[in-house]
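All remarks here apply to the structure that follows.
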Amino acid sequence: MVTFEPGNCLRLPDLPKNLFDILNKASSKAGISRVALVGGAVRDLCFHIFFNGPLPELQDLDFIVEGSASRLAKEIKNYIDHCRLSKWKIYKDFDTVEMKIDGVAVDIATSRRETYSVLGENPAISPCSIEKDLARRDFTVNAIAIDISDLTLIDPYNGIKDLKEKKLNFLSKMSVSQDPTRVIRGARYAARLNFDLSTEALNQVKSTIQDWPWSWHFKDNESLVPTSLSTRLRLELTLLIEKEPIWEALNHLNNWGAFSLIDKKFCFKRSYRRKLSWATKLKANRLIALILLFENPELVGKRLKVTLKEQKLISEAITIENFLKQKNINDECSKWTPLKWCQEIESKNWSTEAIALAISIGVPEWKSLLRWLGHWRLIKSPISGKDLIASGWQPGPLLGAELKRLREVQLKQIMKRN
Ligand code: CTP
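So for the sequence shown, numbering that gives the first Met the number 0 puts the first residue at 0; every next one is plus one.
Here it is, written out as C-alpha cells:
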C-alpha cells in the first residue's frame, strides 16, 4: 500500500486551504465512511510525484464518496466560511454536487457502478464501493484514487505502473464499445501526456471500430446513432481541438483508424493542417472547419449534433464554395474588381465566419475572399451618416443609398491604386 507523504497533496497547486480536513469532518458528521479524490488531479499528481511528470494547472477536483454526495455537500457548509463557497448545485438524479471552493471547481459524486443496456448510450447507475466505481472508468491511469482520511493510494488496476510506462490501458474489454468517446479521450491524453495506447488497447480500438454495430455510411439515417453518444463525441472532439496539442491528437485518431467513428472514409491528410491553421488564424470555429473537410459535411454535422448555428455555418460555407466553383468554371470572377467582389459577397448576406471557413478550406478565389474579409469590407464612406445629416440630409433610404455610393467611390479608388 502506497501512502502519500503529508506534504504531497499540498503540491497540488491551488488546493483550497484545509479542504481535506473540512471534507473529513463533514463526512464523519454525515455518516459517510470513505471519501476519495479521483480523476485527472490524482493522475497528474502521481505522475509528477513518482515520475517527475509536469504538474499542470488544477482544472477541477473530483471526489467520490461511499454514501450520499448531497448529504456530504450540505454538511460541508457547517465547516467552511460561506464566503469561500460559490456556484453550489445539487443534481438529485445522480446524487452529484458541483461547487466552487476558493474559486476551484469541486465535484462530489456518490461512488457508482454503471450498466449499459444500449452500447454507447448513457448508462444506468447504482451505488457501490470506491474500488468498484474506479472499475467503470476509462483508463487505468484515471482509475487511481487517494483516500483523503489517511492519504493512502487506491490503485486496484495498476494505474501507477501504467503511468511509469506511459501507457494508456482500458479497464475492460468492453470499454470502447460501451463508450466510443473513450477513443477520442485516449487521443487527447496520448497527445497531452505523450503516452501511447498499450498493444491491447490499440487492438481493442481497432477491432471495436471495425465491428462497430452502427452503420455510419452516408446513406444511413443519422437517427441510428444514439443521441447522447453524438453529443459526447462532439464535446470530446471540441476539447481535443481546443485544448490539446491538436496535430498530435488528430494524428493519433488517424493512426488508430478512429475517424471511422464519424465517417468510415475519412482520413486526415497532411494538407488539412494548413486548412485548420487558417481557421485558427481567422478565429473561425475549428470543429466546423474540421467537419468541412469530410465528404458530406452537412451529414457529419447532423451526426455530431452540432448546434443550429453551426449547421447554418456549414451550409453557408458549402454554398460559398459551390458559388465560387461555378464562377470559376465559367472563368467569371478572375477579372472582378474589388467593387464587384464587394457587391457579389455583400448581396448574399453570408456571415463573416462562413467566409472565414470558406477561406480556410481553400475554396476557389479564396484570396479575394481574404482581401474582402481583412480589408475591403472594412472600407467605409469617408463621410459618416451623422455628418450627412448635419449637412442637411434626412435620415432614411436616400441617405443609405448615398452612404453606399460614397463607399463605392472609395472602393473604386483602391482599384485605381492597384
Ligand atoms: N471518465 C470515464 N469515461 C468518460 C469520461 C470520464 O471513465 N467517457 C472518468 C475518468 O476516470 C476521468 C473522470 O471520469 O478521470 C473525470 O473525467 P474528466 O473530468 O473528463 O477528466 P479528468 O480526469 O478530470 O481529466 P482531464 O480533465 O485532465 O482531461
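Note that the Cβ used here is the ideal one computed from N, Cα and C, for glycine as well.
Helix or strand or just coil, what does DSSP make of residue i?
i    : result
R187 : helix
P155 : coil
K418 : Since the displayed the chain opens at 0 and closes at 417, residue 418 lies outside it and no answer follows.
F169 : strand
A104 : strand
A29  : coil
F138 : strand
C266 : coil
A400 : helix
S214 : Caution is warranted here: a pLDDT of 48 is assigned to S214, below 50, making its placement in the model unreliable, and no coordinate value can be reported.
F258 : helix
Q409 : helix
L57  : coil
S390 : coil
Locate the alpha helix (DSSP H) running through residue i, then write down its first and last residues.
i    : result
D146 : It is not in any alpha helix (DSSP H) - D146 instead sits in the beta strand (DSSP E) that spans 144 to 146.
T114 : Counting along the chain, T114 falls outside any alpha helix (DSSP H), though it belongs to the beta strand (DSSP E) covering 111 to 114.
I129 : 129 to 134
K274 : 271 to 280
V41  : 39 to 50
P296 : 296 to 302
H251 : 245 to 254
E199 : 198 to 209
F322 : 307 to 328
E352 : 351 to 359
G373 : 365 to 373
Judging by CA-CA distance, which residue of the options is the nearest neighbour of residue i?
i    : options                : result
A283 : L298, I358, G158       : I358
L239 : V182, E97, K311        : V182
P126 : R136, R112, A316, N295 : R112
D92  : I124, L291, V64        : I124
W255 : P244, G185, K385       : G185
L232 : K304, N348, E241       : K304
According to DSSP, what are the bridge partners of residue i?
i    : result
S380 : S380 is not bridged to any residue.
A123 : T114
K99  : S85, A104
V34  : V64
G195 : In the sequence under discussion, the amino acid at residue 195 is Asp, which differs from the Gly named in the question. DSSP lists K166 as partners of D195.
State the start and end residues of the unbroken beta strand (DSSP E) segment that holds residue i.
i   : result
Y90 : 84 to 90
F62 : 60 to 64
Among residues of its own chain, excluding the 5 on either side of residue i, which ones have a beta-carbon nearer than 7 Å to its beta-carbon?
i    : result
L410 : P337, L338, C341, W375, I378
I159 : C45, F49, I143
K324 : P363
R406 : I378, K379, S380
L369 : I358
Given residue i, which residues of its chain have a CB within under 8 Å of its CB, disregarding the five upstream and five downstream residues?
i    : result
L14  : C8, L57, L60, V103
R83  : P15, I100, D101
Q203 : F169, K172, S174, V175
E199 : N168, F169
Which residues in the same chain as residue i place their Cβ atom closer than 6 Å to its Cβ, once the five residues preceding and following it in sequence are excluded?
i    : result
A278 : R285, A288, S359
F138 : L167
S148 : N23
E247 : A190
N321 : none
L265 : In the sequence as displayed, the identity of residue 265 is Phe instead of Leu. Within the same chain, F265 has close Cβ partners F258, F293.
K28  : E74
T95  : A68, A108
V140 : R42, G158, D161, L162
For the ligand MN, I want to know if residue i counts as a neighbour, meaning its beta carbon is within less than 7 Å of at least one of the ligand's heavy atoms.
i    : result
T180 : As far as ligands go, the structure on display features the ligand CTP and does not contain the ligand MN.
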